[in-house]
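Here the protein sequences line up with chains A and B, keeping their order. Here the numbering used here is used: the first residue of the first sequence is 1, the next is one more, and so on. Here the numbering used here is used: the first residue of the second sequence is 237, the next is one more, and so on.
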Amino acid sequence: MLKIGVPSKGRLMEKTFDWFGARGVTMRRDGAEREYSGAVEGVDGIELVMLSAGEIPRELAAGRIHLGVTGSDLVRDKLADWSMQVAELAPLGFGHADLIIAVPACWVDVDTLDDLDAAASGFRRTHGFRLRIATKYHRLVRDYLTENGIADYQLVDSQGATEGTIRNLTAEAIADITSTGETLRANHLKILEDAVVHRSQATLFASRAADWDVAPAMAELMGKLGISAPDAFGPV
Amino acid sequence: MKAETRAEAERLFAAFRTAGAEPVEADILLPAETLLDLYGEDIRARAYVTQDPLRGEMMLRPDFTVPVVQAHMAHGADPARYTYMGEVFRKQDHLLPRASEYLQVGFEVFDRAAPEEADAEVFALFARLLDGLDLMPATGDIGILMAAVRGLSTTETRRAALLRHVWRPKRFRHLLDRFSGKVPPHPARIRLLQAIESGKLPKSGPQIGLRGLEEIAARVKALAEDAGTAPIPTREAAALDDLLALSGPAAEALERLRDMEVDLPQIGDAVDRFADRLRALRARGIDTDTLPFEVTHGRATLEYYDGFVFSFHAVDPALPPVASGGRYDALTKVLGQGRSIPAVGGIVRPHMVAELRAA
């Protein structure tokens with residue numbers, strides 16, 4: 001069976017079902033409201049695996065599912081050398097969110113990465129420790145700041161309510177996902193103008209580690225979805 | 237651990253002792269804070285971090301330099317030569333065939349007397365121990381670049397900003413282009429400067445967080461002052477670009493550096509030291525007519541060399557260097573709590589030596 005992992009709840013699940021449905025592949029969740037199992041109609045030999053969007057990158061990397069729908073941000077953050085472990089098949093055009101860096105709006109002197117870097121240098125001199133950026137996207141943010149040569153900062157972990165960390169004095173800046181920016185404004189924060197860490201959207205990925213003895217189902221599914229992809233993915 | 241690697245490590249360790257080095261030990265579990273303060277957050281991507289219930293965040297030794305310098309600054313003789321042998325641990329974030337745990341054997345010289353002699357001593361010793369492995373040496377001198385920056389015709393603030401990023405090529409380039417007027421300020425900066433000029437800063441909501449209003453005001457003032465700074469003269473910026481690109485055999489590079497002194501007189505002393513080093517290398521049998529040199533060799537994040545830099549590479553460019561090292565005077569100051577001593581040293585990866593000998 002060709003196993004495809006999809007988000008198990010919420011708008012991401014609904015939109016995923018819509019996207020496949022519009023291409024003649026019907027997905028539905030089985031049984032009771034709280035039961036995480038599902039079925040696919042329209043192509044034979046496919047098994048639907050309902051998973052939390054955050055677990056799909058790991059399952060793809062382990063090869064326990066062949067295909068998976070999840071945010072491009074999650075794959076890049078959770079998998080080291082992500083493109084060696086999974087292949088990006090198609091962006092799905094929904095679930096858009098930008099991973100941005102935000103600072104207090106009262107920092108009138110900080111609008112760009114350049115400013116953040118200079119403020120971090122001054123902050124370290126004044127306070128004796130490196131400027132704290134709260135985030136849950138450690139790999140993406142660190143790689144981005146390293147790539148751009150930002151110094152004198154540290155990442156502190158925040159798994160939720162990240163916008164509140166500055167007011168609570170546990171961070172000076174944040175790096176978080178935003179789609180509209182409303183929560184940021186409500187918390188008196190503003191986005192750095194030249195620093196989008198990643199523009200994320202729901203994306204269909206293929207595992208490079210899975211056992212690809214499912215070529216006929218894969219070929220038929222890709223045909224229906226209008227994606228030109230090989231029948232199998234090996235390690236790069 | 238393969239027996240060949242262990243034997244190779246022992247051979248190098250013995251050779252360093254014969255060269256006058258005293259063996260030193262270092263802990264494998266190091267306090268993470270010291271390393272993070274020194275290297276910044278980037279080290280997290282490279283070092284294994286673990287949690288100790290009493291001592292807090294610890295790191296598996298990513299290199300020997302920090303513990304050896306700390307030990308020397310705490311109770312070392314002056315001058316001193318040290319050697320060490322042991323495992324280091326480097327997290328690999330890419331699926332390349334690179335070891336995440338391997339032996340290092342190192343040699344470090346702490347000596348105030350004649351730094352260029354010490355540079356040559358270390359390089360010539362490494363060259364001799366690695367002789368016959370068909371390695372390609374590479375050398376550089378970040379000190380020349382730093383001297384050039386320290387003498388730029390601009391404000392102290394701008395020189396300090398460039399020096400702070402001397403090991404981060406992309407940021408350094410960005411700052412240099414901005415300070416020399418090659419790229420205009422970001423529109424947000426122009427907006428802010430106009431607001432300052434009109435005496436009306438934008439409404440920005442309540443003060444939140446640890447960075448206080450006086451810190452913000454101080455930087456606004458600094459930005460207003462900086463806006464009036466004349467760009468770094470084109471001739472100087474161009475000369476600095478030539479310096480950054482300088483690459484060639486060492487003896488020839490010296491001639492070109494002498495030419496560059498016309499536009500960058502501030503590098504004179506650093507070039508004199510470079511010339512002294514080449515003399516010292518020749519006296520130890522190194523052919524400086526063929527020795528490759530690049531001013532910026534070894535200029536990368538997670539580095540701390542501030543003078544002579546060297547490495548020995550196998551033919552395959554994808555492999556890490558078989559040996560590398562350099563001068564790190566500034567690091568001893570950072571770790572020495574007010575005291576400092578000129579220091580130069582390097583490490584060999586014995587597993588790579590063993591592989592090359594077996595091939």
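Beta carbons: idealized from backbone N, C-alpha and C, even for Gly.
Worksheet entry | Selection from E261/B, P259/B, R280/B that minimises the alpha carbon distance to A268/B | In the second sequence, the residue the question calls residue 268/B occupies position 32. Scanning E261/B, P259/B, R280/B for the CA closest to the CA of A268/B turns up R280/B.
Worksheet item: Are there three or more Cβ pairs, one per stretch, closer than 8 Å when the region 366-380 of chain B is compared with the region 445-465 of chain B?
Response: These segments do not touch.
Worksheet entry | Closer than 9 Å at the beta carbon, the chain A residues around E337/B | Translated into positions along the second sequence, residue 337/B becomes position 101. At a C-beta separation below 9 Å, E337/B has no neighbours in chain A, since its nearest C-beta there lies roughly 17 Å away.
Discussion item. Helix, strand or coil for S547/B? Go by DSSP, reduced to three states.
Written reply: For this step, residue 547/B is matched to residue 311 along the second sequence. Residue state, collapsed to three classes: strand.
Worksheet item: Contact between the region 390-406 of chain B and the region 126-136 of chain A: three or more CB pairs below 8 Å?
Response: Here the region 390-406 of chain B does not lie against the region 126-136 of chain A, with fewer than 3 beta-carbon pairs under 8 Å apart.
Worksheet entry | Neighbour-count burial assignment, A350/B, 16 or more Cβ in a 10 Å radius | For the purposes of this step, residue 350/B is taken as residue 114 along the second sequence, with counting starting at 1. Exposed, because fewer than 16 other Cβ atoms sit within 10 Å of the Cβ of A350/B.
Worksheet entry | Proximity test, Cβ basis, 9 Å: D288/B and chain A | Indexing the second sequence from 1 puts residue 288/B at position 52. Taking 9 Å as the CB threshold, D288/B stays off the interface with chain A.
Worksheet item: Rounded to a whole number of angstroms, what is the C-alpha to C-alpha distance between F548/B and F362/B?
Response: For the purposes of this step, residue 548/B is identified with residue 312 of the second sequence, where counting begins at 1. For the purposes of this step, residue 362/B is identified with residue 126 of the second sequence, where counting begins at 1. The straight-line gap separating the alpha-carbon atoms of F548/B and F362/B is approximately 9 Å.
Fill in: Assigned secondary structure, Y275/B (DSSP; H/G/I helix, E/B strand, else coil)
Walking along the second sequence from the start, residue 275/B turns up at place 39. Three-state DSSP puts Y275/B in a helix.
Practice prompt. State the DSSP-derived secondary structure class of E392/B, mapped to helix, strand or coil.
Written response: For the purposes of this step, residue 392/B is taken as the residue at position 156 of the second sequence. Three-state result, E392/B: helix.
Item to complete: Give the interface partners of V456/B over in chain A, defined as CB-CB distance under 7 Å, in chain order.
Response: Reading the second sequence from its first residue, position 220 is the one you call residue 456/B. Here the neighbours are V108, D109.
Worksheet item: Can you tell me the Cα-Cα spacing of P235/A and A217/A, whole angstroms?
Response: The residue you call residue 235/A lines up with position 235 of the first sequence. The residue you call residue 217/A lines up with position 217 of the first sequence. Using only the alpha carbons, I get a separation of about 21 Å.
Practice prompt. List the residues that DSSP assigns as beta-bridge partners of A536/B.
Written response: Indexing the second sequence from 1 puts residue 536/B at position 300. Residue pairing for A536/B: DSSP places it in no beta bridge.
Worksheet item: Regarding R242/B and the ligand MN, is the C-beta to nearest heavy atom distance less than 8 Å?
Response: The ligand MN is not part of this structure, which contains no ligands at all.
Fill in: Residue range of the beta strand (DSSP E) that includes V86/A
For this step, residue 86/A is matched to residue 86 along the first sequence. It spans 86-91 - the beta strand (DSSP E) in which V86/A sits, taken as one unbroken run.
Worksheet item: Span of the alpha helix (DSSP H) holding D115/A?
Response: In the first sequence, counting from the first residue as 1, residue 115/A sits at position 115. Boundaries of the alpha helix (DSSP H) harbouring D115/A: 113-127, taken from the DSSP string.
Practice prompt. With DSSP as the reference, label A15/A as helix, strand or coil.
Written response: Your numbering for residue 15/A matches position 15 in the first sequence. The question names Ala, yet the displayed sequence has Lys at residue 15/A. Three-state result, K15/A: helix.
Item to complete: Could you tell me which chain A residues have their CB closer than 7 Å to the CB of I444/B, listed as they occur along the chain?
Response: Taking the first residue of the second sequence as 1, we reach residue 444/B at position 208. Going along chain A in sequence order, the residues near I444/B (Cβ under 7 Å) are P104, C106, I166, R167, H188.
Discussion item. I want to see whether chain A comes within less than 9 Å of R326/B, judged by CB atoms only; does it?
Written reply: The residue you call residue 326/B lines up with position 90 of the second sequence. No, its Cβ sits nowhere closer than 9 Å to a Cβ of chain A.
Discussion item. Under DSSP, the alpha helix (DSSP H) around T183/A begins and ends at which residues?
Written reply: On the first sequence, residue 183/A is found 183 positions in, with the first residue counted as 1. For T183/A, the enclosing alpha helix (DSSP H) covers residues 182-186.
Worksheet item: For L290/B, does the count of other Cβ atoms within 10 angstroms reach 16, so buried, or fall short, so exposed?
Response: Residue numbering aside, residue 290/B sits at position 54 when the second sequence is read from its first letter. With a 10 Å radius around the Cβ and a threshold of 16 neighbouring Cβ atoms, L290/B comes out exposed.
Fill in: Min CB distance E277/B to chain A below 9 Å
The sequence position of residue 277/B within the second sequence is 41, counting from 1. Judged by the 9 Å Cβ criterion, E277/B is in contact with chain A.
Worksheet item: From S179/A to A97/A, what distance separates their C-alpha atoms?
Response: The residue labelled residue 179/A in the question sits at position 179 within the first sequence. The residue labelled residue 97/A in the question sits at position 97 within the first sequence. Their Cα atoms are separated by approximately 5 Å.
Practice prompt. Kindly list the residues whose CB is nearer than 8 Å to the CB of S389/B, restricted to its own chain and excluding five residues on each side of it in sequence; keep chain order.
Written response: Reading the second sequence from its first residue, position 153 is the one you call residue 389/B. I468, P469, E472, listed in sequence order.
Discussion item. Quick check: the Cα distance between H401/B and L225/A, rounded to an integer number of angstroms?
Written reply: For the purposes of this step, residue 401/B is taken as the residue at position 165 of the second sequence. For the purposes of this step, residue 225/A is taken as the residue at position 225 of the first sequence. Just so you know, the alpha carbons of H401/B and L225/A end up roughly 48 Å apart.
Discussion item. Check whether the region 571-578 of chain B and the region 300-317 of chain B are in contact - that is, three or more C-beta pairs closer than 8 Å.
Written reply: Between the region 571-578 of chain B and the region 300-317 of chain B, the count of Cβ pairs shorter than 8 Å is three or higher; the stretches touch.
Practice prompt. Compare the C-beta of F249/B against all C-beta atoms of chain A and say whether one is closer than 9 Å.
Written response: Locating residue 249/B in the second sequence gives position 13, counting from the first residue. Answer no: the Cβ-Cβ gap between F249/B and chain A never drops below 9 Å.
Worksheet entry | Sub-9 Å separation of E530/B and S483/B beta-carbons | Counting from one through the second sequence, the residue named residue 530/B turns up at place 294. Counting from one through the second sequence, the residue named residue 483/B turns up at place 247. It is a contact, given that the beta carbons lie within the stated cut-off.
Worksheet item: Can you name the residues of chain B whose CB is closer than 8 Å to the CB of Q159/A?
Response: Start at 1 with the first residue of the first sequence, and residue 159/A comes out as number 159. Identification of chain B residues near Q159/A by a Cβ-Cβ cut-off of 8 Å yields none; the smallest Cβ-Cβ distance measures about 17 Å.
Worksheet item: From the DSSP output, which residues share a beta bridge with S158/A?
Response: Within the first sequence, residue 158/A is the residue found at index 158, counting from 1. According to DSSP, which records beta bridges pairwise, S158/A is partnered with nothing at all.
Worksheet item: Taking 9 Å as the CB-CB limit, is E451/B close to chain A?
Response: If you number the second sequence from 1, residue 451/B lands on position 215. Against chain A, the CB of E451/B has a partner CB under 9 Å away; the residue lies at that interface.
Discussion item. Taking CB distances under 9 Å as the criterion, tell me whether K597/B reaches chain A.
Written reply: This structure gives no information on residue 597/B, because the portion of chain B shown stretches from 237 to 595.
Worksheet entry | 8 Å Cβ cut-off: residues of chain B touching S207/A | Walking along the first sequence from the start, residue 207/A turns up at place 207. Chain B residues near S207/A: none, gap ~14 Å exceeds 8 Å.
Worksheet item: Taking DSSP as the reference, what is the three-state secondary structure of I133/A?
Response: For the purposes of this step, residue 133/A is taken as the residue at position 133 of the first sequence. In the three-state reduction of the DSSP assignment, I133/A falls in the strand class, which pools E and B.
Discussion item. Buried or exposed for M27/A, going by 16 or more other Cβ atoms inside 10 Å?
Written reply: Position 27 of the first sequence, counted from the start, is the residue given in the question as residue 27/A. So M27/A ends up on the buried side.
Worksheet entry | Spatially closest choice to D117/A from L221/A, T165/A, Q154/A, V214/A, by CA coordinates | To locate residue 117/A, count along the first sequence from 1; it is residue 117. When only C-alpha atoms are compared, the closest one is Q154/A.
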